[in-house]
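Let me begin by presenting the structure, written as structure tokens, before commenting on it.
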Amino acid sequence: MPDRRPASQKFHTVLAMLVVVLAVLSLMVGSADLPPKTVFDALLNGDGIAGIIVRDIRLPRTLLAAMIGGTFGLAGAALQGLLRNPLAEPALFGAPQAAAAGAALLIATGSAGATSFAVPLAGIAGTTLAVGGLLAIAGRRASLTVTMLAGLAIASFFGAAIALILNLAPNPHIALEIAFWLLGSLQDRSFEHVIIVLPFLAASWVTLGMSANAFRALTLGEDAAASLGVDMGWTRRTVVVGVAFGVGAAVSIAGAISFVGLVAPHLVRRAVGSDPARVMLPAALAGAAMLLAADIGVRLVPGAIEIKLGVVTALIGVPFFVAMIFSERRYLEGNPVS
Amino acid sequence: MKPPRSELLLRGEAVTVRLGKALVVDSANLTLRAGEFVALVGPNGAGKTTLMRALAGLQPARGKIELRERRLDSFGPRERARSIAYLPQGHVFYWPVSAASVVGLGRYPHADAFSRPSPEDATAVSRALKATGLEPLADRRVTTLSGGERARVALARALATEAPILFADEPTASLDPRHQLLVMEMLRRTTRTGAAVLAILHDITLAARFADRIVLMDGGRIVADGLPADALNPAQIAKVFGVEAIDVDIGEGVVPVLRRPI
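Those sequence lines, one after another, are chains F and G.
Our numbering applies: residue 1383 is where the first sequence begins, and numbers increase by one.
Our numbering applies: residue 3 is where the second sequence begins, and numbers increase by one.
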């Protein structure tokens, strides 16, 4: 029986409200600051300049930030559940890099426009290779060391693939475009992007959500989970597909954004406990809130050049990751609690 | 003593497992009847864990394994899990969750992917907590418990499934003497409810004292299967373990006590 924690219900409500508040803020902030009333009027009626700014320019950006942040939070929680390891995060084994390599290849060869369904599909193909490769190398026991080393190898491989694509880019303009896109951004995204990415993200949420109880059983390790009736092969494949769809599609729209999947589950664990199934929904909400906040942040920094979203999440995420390694040192040195 | 012909729950015939090129389990025949406490003993590397995992359906094997006279591989994973509870070695918990939520995992096979815990689940969990004396520790995080307490949590998780068959792989390993006896008594009590228990044990004195029947493995083969006094006689122990043993009467029967390596 999971812990009876009525408090977690309240926590979910607070997180959801935070996401809504940040979403409204995200609609208010930009080169023209709009008061909340104007934003609501514009959302409902959509007339005039304010209507264009809010509905056509900011709303897609806000929706994408919430959806993509939520996807990263959920994907991080799912990978941590599968690998039974609080340090699992899509970026640590090159999932975003792999998605970026897939999408960049498509852009560089000029075979598809930036707003075509082919771009997320290429991203998903790249991520499938990365996640599938990680699980194949990490194996049944998924020890921390092997998982991390496998992740390092895969991340390096896709980093090299991106470098090769940049290297072979037919003209410097394309290379620059890819390079900027790799930094991660939600600037100038339209509803077309939302429509392209939504089916893939929704598929990812459903797929990962289905494995929640299996992650809970994996608290006992793979053998015990299998003996309880968890189909481990199916669970692994589901997570590969779910993470690939989510991260692959998200990166193909937003560029390489990292560390949301690490930080979001960690933050909510303090409130809802460590049960890997209970972490998933709040981790998704926290991920959405984080990316919304980061995307508001990049717009608040003064200066002619907008700081890229992926740069902000990495700048905040990496020190956080280091702090986490410090606090989890006992766990890391002794591996599982036995 | 148990009635000699209680219901046949599990039957393995010519169970054979190869891992790579190594023949780890070599045509093992084994039966398990309701209410029986069977100890699986043998030296390291004899194939005990592999045989147990094969019988639990966790390890592909050749030969015939039948659960209640139906082929084991025709069972769905949860259906199989409702019949065979398996307690692996080591008592590992990967997340710092409460003892009660670990024990609740034993109910996994009774649910589907989306259902909420039922009243029967709650009753089974409290029964398992009670049987293992864990009620006062139910809300403690497993990471804060001692080794003996964690072993009891792991056992309670397996008991909570309330399966007719319980497999336990070295349930007493690394436990202090008191906890070893407590766990053995808990396992014996489980058989009184009609469940069959198959436990891998390294302490042959403990095995001989508690088990109704001993299955002795060596080099992948079952070399003896019978009452403790027959399967664990000093000659057999010398041959299989390379240890000199003497039979000692401890008031409730004769058990082998080890003296020195040969």
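No residue lacks a Cβ here, since even glycine has one placed at the ideal position from N, Cα and C.
Predicted model, so just to flag it, every value in this text is computed and none were measured.
Inset, instruction - Check each candidate in V1650/F, G1505/F, M1614/F and name the one with the smallest Cα separation from A1459/F. - result: V1650/F
Legend entry - Strand pairing of T18/G, partner residues [DSSP]: R64/G
Inset, instruction - Pick out whichever of P121/G, T145/G, D28/G, R154/G has its Cα sitting closest to the Cα of G135/G. - result: R154/G
Legend entry - Nonlocal neighbours in the same chain, by C-beta distance under 8 Å from F1393/F, ignoring five residues either side: V1650, A1653, V1654, P1664
Inset, instruction - Below 8 Å on the Cβ atoms is my guess for A1626/F versus T1509/F; work out the distance and round it to an integer in Å. - result: 4 Å
Legend entry - chain F within 9 Å of G22/G, Cβ atoms only: no
Legend entry - Rounded Cβ spacing between A58/G and G1611/F (contact assumed at less than 8 Å): No, A58/G and G1611/F are not in contact; Cβ-Cβ is about 11 Å, not under 8 Å.
Inset, instruction - Measuring alpha carbon to alpha carbon, tell me which of V1579/F, P1658/F, V1694/F, A1594/F ends up nearest L1445/F. - result: V1579/F
Inset, instruction - Any chance you could list the alpha helix (DSSP H) runs of at least 4 consecutive residues sitting entirely within the segment 1495-1579 of chain F, in chain order? - result: 1500-1520, 1526-1549, 1554-1564
Inset, instruction - Give the DSSP bridge partners of E81/G, in chain order. - result: Per DSSP, none; premise fails for E81/G.
Inset, instruction - Taking only beta-carbon positions, decide if P1658/F is within less than 9 Å of chain G. - result: yes
Inset, instruction - With a 10 Å radius around its C-beta and 16 neighbouring C-beta atoms as the bar for buried, classify R1711/F as buried or exposed. - result: exposed
Inset, instruction - Return helix, strand or coil for S29/G, following the three-state DSSP convention. - result: strand
Inset, instruction - Look at the Cβ atom of S1/G, then the Cβ atom of A113/G, and state whether they are nearer than 9 Å. - result: As displayed, chain G neither begins before 3 nor continues past 264, which places residue 1/G out of reach and without an answer.
Legend entry - Residues of its chain near T1589/F, where Cβ-Cβ distance is below 6 Å and the 5 sequence neighbours each way are ignored: T1620, V1623, G1624
Legend entry - Exposure of S1634/F, with buried meaning 16 or more beta-carbon neighbours within 10 Å: buried
Legend entry - C-beta neighbour in chain F for A237/G, strict 9 Å: no
Legend entry - Among V1576/F, V1661/F, L1407/F, P1701/F, nearest to A1632/F - alpha-carbon criterion: V1576/F
Inset, instruction - Work out the CA separation of F212/G and V259/G for me, nearest whole Å. - result: 14 Å
Inset, instruction - Taking only the alpha-carbon atoms, compute the straight-line gap between I1560/F and G1643/F and give it to the nearest angstrom. - result: 23 Å
Legend entry - Cross-strand partners of G228/G (DSSP beta bridge): I216/G
Inset, instruction - In angstroms with no decimal places, state the Cα-to-Cα distance between R142/G and G22/G. - result: 42 Å
Inset, instruction - Would you grab the beta carbon distance between V217/G and L42/G for me? Rounded to a whole angstrom, and I think it's under 8 Å. - result: 5 Å
Legend entry - Rounded separation between R1386/F and L1400/F - CA only: For R1386/F, the pLDDT reaches just 48, beneath the cut-off of 50, and the residue's location in the model is therefore unreliable, although a value from the coordinates is still provided. Rounded to whole angstroms, R1386/F to L1400/F spans 24 Å at the Cα level.
Legend entry - Buried or exposed (CB count within 10 angstroms, at least 16 for buried), G253/G: exposed
Inset, instruction - Compute the distance between the beta-carbons of E214/G and F77/G, then report whether it is under 9 Å. - result: The question names Glu, but residue 214/G is Asp in the sequence shown. No. Outside cutoff.
Inset, instruction - Return the residues of the segment 215-241 of chain G that lie within a Cβ-Cβ distance of less than 7 Å from chain F, sorted by chain order. - result: none
Legend entry - Amino acids of chain G, ordered along the chain, whose beta-carbon sits closer than 8 Å to that of D1613/F: P79
Inset, instruction - List the residues that DSSP assigns as beta-bridge partners of V250/G. - result: V257/G
Inset, instruction - Would you verify that the beta carbon of G92/G is, or is not, closer than 9 Å to some beta carbon of chain F? - result: yes
Inset, instruction - Give the secondary structure of L10/G by DSSP, where H, G and I count as helix, E and B as strand, and everything else as coil. - result: strand
Inset, instruction - Kindly give me the distance between the Cβ atoms of R1440/F and L1409/F, rounded to whole angstroms, as I take these residues to be in contact under 8 Å. - result: 5 Å
Inset, instruction - Express the C-alpha separation of L32/G and A197/G in angstroms, rounding to a whole number. - result: 16 Å
Inset, instruction - Tell me whether K1419/F is buried or exposed, calling it buried when 16 or more other Cβ atoms sit within 10 Å of its Cβ. - result: exposed
Inset, instruction - Output, in chain order, the set of chain G residues within a Cβ distance shorter than 9 Å of G1603/F. - result: P90, G92, V94, F95, Y96
Inset, instruction - Identify, in the order they occur along the chain, each residue of the same chain with its Cβ nearer than 6 Å to the Cβ of D220/G, setting aside the five sequence neighbours on each side. - result: G44, A48, V242
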